[in-house]
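A.B. asks: Please read through the structure below; I'll follow up with questions.
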Amino acid sequence: MRIVCPFCGERELGEFTYLGDAKPQRPAPDAGEDAVYDYVYLRDNIAGVMGEHWYHGGGCRTWLKVTRNTLTHEISAVEPAAGAGAGQVVK
Amino acid sequence: MTSQPNRLPTNGLIDRSTALSFRFDGKNFLGFKGDTLASALVANGVKLVGRSFKYHRPRGILTAGSEEPNALVELRSGARREPNTKATTAELYEGLEAASQNRWPSLNFDVMSVNQLFAPIFVAGFYYKTFMWPAKFWEAIYEPAIRRAAGLGRAAGVSDPDHYDKAWAHCDVVIAGSGPSGLAAALAAARCGARVILCEEDFALGGRLLADGGTIDGLPAAEWVTRAVAELEAMPDVRIMTRTTLFGVYDGGTYGAIERVNDHLPAPPEHQVRQRLWRIVAKRCVVAAGAIERPIVFAGNDTPGVMMASAMRSYINRYAATPARRIALFTNNEDGWRTAETAIAAGLQVAAVIDARPDVSPAHRSLASKGGFPVLHGSVSSVDGGKNGVRKISVALTGGARAEVEADGLAVSGGWNPAVGLTSYHRGRPKWRDDIAAFVPDGAPPGMVAAGAANGAFGLGACLREGFEAGAAAARDAGRSGSTGSMPVADDEAFSITPLWHVAGKGKAFVDQQHDVTASDVELAQREGFQSVEHLKRYTTLGMATDQGKTSNVAGLAIMAAVSGKSIPETGTTICRPPYVPVAIGAFAGHHRDENFHATRLTPSHHWATEQGAVFVDTGLWKRAQWYPRAGEKDWLESVTREVKAVRSGVGFCDVSTLGKIDVHGPDAGAFLDRVYINAFSSLAVGKARYGLMLREDGIVYDDGTTSRLAEDHYFLTTTTAKAGLVMQHLEFCRQVLFPELDVHLTSVSDQWAQFSIAGPSARKLLQQIVDESEDLSNEGFPFMGAREVKLRGGLKARLFRISFSGELAFEISVPARYGEAMARNLMIAGEPFGVTPYGTEALGVMRIEKGHVAGPELNGTTTAGDLGLGKMMSTKKDFIGRVMAGREALVAPNRQVVVGIKPIDKARRLRSGAHIIPKGETPGPDNDQGYVTSVCFSPVLDQWIGLGLVERGRERIGEIVRAHDPLRGEDYDVELCNPVFYDPDGGRQRG
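First to last, the protein sequences are chains A and B.
If you read the first sequence in this note's numbering, its first letter stands for residue -12, the second for the next number, and so on.
If you read the second sequence in this note's numbering, its first letter stands for residue 2, the second for the next number, and so on.
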């Protein structure tokens, strides 16, 4: 598999580390235990197109949001994950 | 040494001026350069080359390519002995040594061939049926016996002396196969300006043209090949790789190829690799891998001397070596007749052509009359012969009559199967084409297309056309727009086939010759309910041998279809998986073996430590000095104890550069650290250090370390050695993904700083010899947990921290990594008056246990901050990673196992980590297990073994005597639970 890093260009899979579902957002500090529990443990595992976090540790160290079809491994979009997991801003 | 009785006097693509001597089963033979081992054996009249897997039946050479099921040999000897090597692809070299397999004591007289007498029990699924009872016999008796009797070659049993390489290549178009389709594709793509890689598994280019010839662009095929190759070689962006098999297709246009760089030599030349594993990244791929001729299944079809018709042409035309003198041909298609033509042209006798089709073309009729041989309409029902070859062939004529043909060789053509492996590797299923009675690719992985025979186009003209068009299209798709020039042209041969898979008859008829699967095994499996081809495959082991059923799979499922009354496409195919040919594990490993299995990281003082005679320990990728033995010390414990005593009474130093180090910069650096550590860092004063603990979001402890504030907007964070990379990744996740609003930047500086711990009552005095006189190191000027930049004597800037892992007055000093070795040497010189002692990770560990500091064994991925006795560090005034989940009921339960000190009641007893803690008077077992010993050491201070453990309610039970139960070592002894800080509990020494 090859991922086109928006900063480094097309690179081989070995440069990247997989994390998983990019959808969950970290709940606000006062969101309560249930919300945090869901955030920590509930992950989508879609047979099809899903957004995933990948880390380009062998390159620019950017966390990426990769849109990938888990059935075909086809990657349709790669973007920096900046703020993708941010919930409400902590005051 | 025998002459080559079956070598034809003329023609062939062999170099008759270069004779090569070789040995097979201890006997000397001669062959020529350009031979394979198989063709040389054919030339020498050797028919029997192996014994079969289950029945130990005599077997000969069936094919002339990598699809060979039978002619497997052990090639070379000693450490280079390579089992299951196909004689049909092994290039002959001077001095080649090969031995037949699966026979004892000799190929001619094989004791285990008695297995044939017991054939009725070796039917499909016989392992499951025969060796079921008694169950315990399986491992002890049945399996070892079966493994001895059934099997293929023997592995060398010693380390492979050769090197293997791995390499990447990038191109626009990669082409598998250099037959007419592959060469035409390469020409078209390269002329368009595409960067082309052409892979050919053979050592010669041309594919079937090497054996079958033909006329292309009005030239003899060989001449056309020479011209095409010359044109390709003259182009700068074309790479032709012979002896290279494209074996796999991976995501994103990545292809695996194995290049047999030096397999054609007795041993690789010095400094050269044996094989090279290529990962080829290509925008487009043209599969021109050709087709594989398939057998027809009939009784005795495994008799040595029965050979694929196309293979016979290869041996006669390419290698000028004939497998037989009087050849019979059994075909169900037009193409098979070429073997009769070849035989006549080579001056050999054709005994008969047995054609299963109702009609034979006038051209072939006239060939028969010219050659003086009969054409029999019907099928071969059995072959009479044995280890010395074919003698007589029984023919069931259409209409019911029988005939017999005397011949010493039988060529068989059941039609051609396109090589659909590569196109099916993304779980693609080929589709059935009735007109050629074969499966052809039905689509292919993205970017790939099949052309020519691999796509079911069997005529030479069609191969050239498809290849050329595919090459041109691939180049265009890759963005190349040059001109293709003119397409090579040739006539198309007629192709007609009447499907025929299995001829009923008396005697064993083999579908899969390598795994000894017969037609009746397939029928039996179907009767027993194995309806799916995937089940059929696993139950009978059809197609599961090293050849992956290249000559057997389609026949197997055709027979399955016939007995189940379904069509072949309804029956379907099994899933194809890479690799297309066997690839040595060594090639996948490449240079990553033994000490190069992974990268080795050396600390800045490594070379100095080596000079000191240090014993090193692997910690992750690092080699760390474990202790520094001195002359006369009897064991490690003596050395380590000396080092500890030296530190506690004088001064010692230790390279701690392996810790992860991260510079945290920015106006929000403090706020950022507040969110990733359980304790506060925004409140840390500039010039101070603080111990920090990180949790995972689920509330479990992740990592710990000391972080210092060097400036208002600059922190220097350290991690454990083990987690250095992971913490960086985690912090980047927090910074980029979770907290993008914070203005902070992280820089990994682990490799930039060499860091030394300098510990002991004389540490300050030693350090004063190192740092500039202007620096105030007094307790007032630089108190405990101080951190600042200092100037060293000579002007070098360093970072100095007053932190202590040992519990002594201690400092850690960081200098740019390139000064690390000099620092170690300087510490030795400057420390001489104070008796400075270098110490290793063992002494470091002893002193941390004496001080009750937690480390890896306690930060084990299950413990909370509270478990470690650090619960009070958790701030209640801020949010941080893991805060909410750390408060879950089970994570704050009062009966959790927490860190506690442990010491044996018997002071002479050695405490062992892993021992379980059981209350006194209770029976050891899961119900009474209250924890275990995590870390132990011999404490020179207490003069006894001590340890830390995780024990249920441990902190409330200080002073209680419990059992340390160690069933693994057969030990059981009393220990006392105690304060984990064994040494200087009020910490006066480190503050002094």
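Quick reminder that beta carbons are idealized off the backbone N, C-alpha and C, glycines included.
All of these numbers come straight from a predicted model, not from anything done at the bench.
1) Could one say the Cβ of Glu66 of chain A lies closer than 9 Å to chain B's Cβ atoms, at least one of them?
2) Could you give the first and the last residue of the continuous alpha helix (DSSP H) run that contains Gln737 of chain B?
3) Under the rule that 16 or more other beta-carbon atoms within 10 Å means buried, what is Tyr933 of chain B, buried or exposed?
4) Residues of chain A with CB under 7 Å from Asp252 of chain B, in chain order?
5) Does any CB atom of chain B fall closer than 9 Å to the CB of Gly44 of chain A?
6) Starting from Asp25 of chain A and walking both ways along the alpha helix (DSSP H), at which residues does that stretch end?
7) With distances taken Cα to Cα, identify the nearest neighbour of Val738 of chain B among A:Thr49, A:Ser63 and A:Leu58.
8) Decide if Glu83 of chain B is buried, meaning its Cβ has at least 16 other Cβ atoms within 10 Å, or exposed.
9) Taking Cβ positions, are Leu694 of chain B and Met874 of chain B nearer each other than 9 Å?
10) Which class does Asp656 of chain B belong to by DSSP, given the choice of helix, strand or coil?
11) Identify, in the order they occur along the chain, each residue of the same chain with its Cβ nearer than 7 Å to the Cβ of Arg326 of chain B, setting aside the five sequence neighbours on each side.
12) Does the beta-carbon distance from Ile176 of chain B to Leu199 of chain B come in below 9 Å?
13) Can you tell me whether Tyr629 of chain B is helix, strand or coil according to DSSP?
14) Drop a sphere of 10 angstroms on the beta-carbon of Val23 of chain A, count the other beta-carbons inside from all chains shown, and report buried for 16 or more, exposed for fewer.
15) Threshold first: 3 residues or longer. Then list the beta strand (DSSP E) segments lying entirely within the stretch 922 to 957 of chain B, N to C.
16) Leaving out five residues before and five after Gly950 of chain B in sequence, what residues of the same chain have Cβ atoms less than 7 Å from its Cβ?
17) Identify, in the order they occur along the chain, each residue of the same chain with its Cβ nearer than 6 Å to the Cβ of Val76 of chain A, setting aside the five sequence neighbours on each side.
18) What do you get for Tyr28 of chain A, buried or exposed, if any count of 16 or more other CB atoms within 10 angstroms of its CB means buried?
19) Could you give the C-beta distance for Ser553 of chain B and Pro70 of chain B, rounded to a whole number, given that I count them as a contact under 8 Å?
20) Helix, strand or coil, according to DSSP, for Ile293 of chain B in the structure here?
21) Buried or exposed: His731 of chain B, going by 16 or more other Cβ atoms within 10 Å of its Cβ?
22) Any idea what DSSP makes of Pro363 of chain B, helix, strand or coil?
23) Shorter than 9 Å from the beta carbon of Leu29 of chain A to some beta carbon of chain B?
24) Looking at the secondary structure, which residues open and close the alpha helix (DSSP H) in which Pro181 of chain B lies?
25) Per DSSP, which one or two residues make a beta bridge with Glu234 of chain B?
26) Where does the unbroken beta strand (DSSP E) through Thr601 of chain B begin, and where does it stop?
27) For chain A, find out if any of its Cβ atoms is closer than 9 Å to the Cβ of Met313 of chain B; answer yes or no.
28) For the alpha helix (DSSP H) that Thr304 of chain B lies in, which residues bound it at each end?
29) Consider the Cβ of Tyr26 of chain A: report whether some Cβ of chain B lies at a distance smaller than 9 Å.
30) Which whole runs of the alpha helix (DSSP H) in the stretch 519 to 551 of chain B are 4 residues long or more, in chain order?
31) At a CB distance below 7 Å, what residues from the stretch 716 to 747 of chain B approach chain A? Give them in sequence order.
32) Under a three-way DSSP split, which group does Trp41 of chain A fall into?
33) Looking at the C-beta of Val93 of chain A, does it have a partner C-beta in chain B at a distance below 9 Å?
34) Using 9 Å as the limit for Cβ to Cβ distance, is Gly19 of chain A near chain B?
35) Quick one: grab the DSSP three-state call for Lys284 of chain B.
36) Residues in the same chain with beta-carbon distance under 6 Å from Gly301 of chain B, minus the five sequence neighbours each way, listed in chain order, please.
C.D. replies: Per the coordinate set shown:
1) no
2) Counting along the chain, Gln737 of chain B falls outside any alpha helix (DSSP H), and DSSP gives it neither H nor E.
3) buried
4) Met(-12) and His60
5) yes
6) Run containing Asp25 of chain A: Glu20 to Tyr28, per the alpha helix (DSSP H) assignment.
7) A:Thr49
8) buried
9) Yes, the pair counts as a contact, with Cβ atoms nearer than the cut-off.
10) Residue state, collapsed to three classes: strand.
11) Counting only Cβ-Cβ distances below 7 Å, and skipping sequence neighbours, we find Leu349, Gln350 and Asp409.
12) yes
13) coil
14) buried
15) 932 to 940 and 945 to 953
16) Correct list, in chain order: Val901, Ile903, Ile918, Gly932, Tyr933, Val934 and Thr935.
17) For Val76 of chain A, the predicted structure reports a pLDDT of 49, less than 50, and the residue's modelled location is therefore unreliable. The matter cannot be settled from this model.
18) exposed
19) 7 Å
20) strand
21) buried
22) helix
23) no
24) Pro181 to Arg192
25) None, per the DSSP bridge assignment.
26) No beta strand (DSSP E) holds Thr601 of chain B; DSSP gives it neither H nor E.
27) no
28) For Thr304 of chain B, no alpha helix (DSSP H) run applies, since DSSP gives it neither H nor E.
29) yes
30) 520 to 528 and 534 to 541
31) Gln730, Glu733, Phe734, Gln737, Val738, Leu739, Phe740, Pro741 and Glu742
32) Here DSSP, grouped into helix, strand and coil, assigns Trp41 of chain A to strand.
33) No statement about residue 93 of chain A is possible, as the shown extent of chain A runs from -12 to 78 and does not include it.
34) yes
35) strand
36) Ser383, Val384 and Gly508
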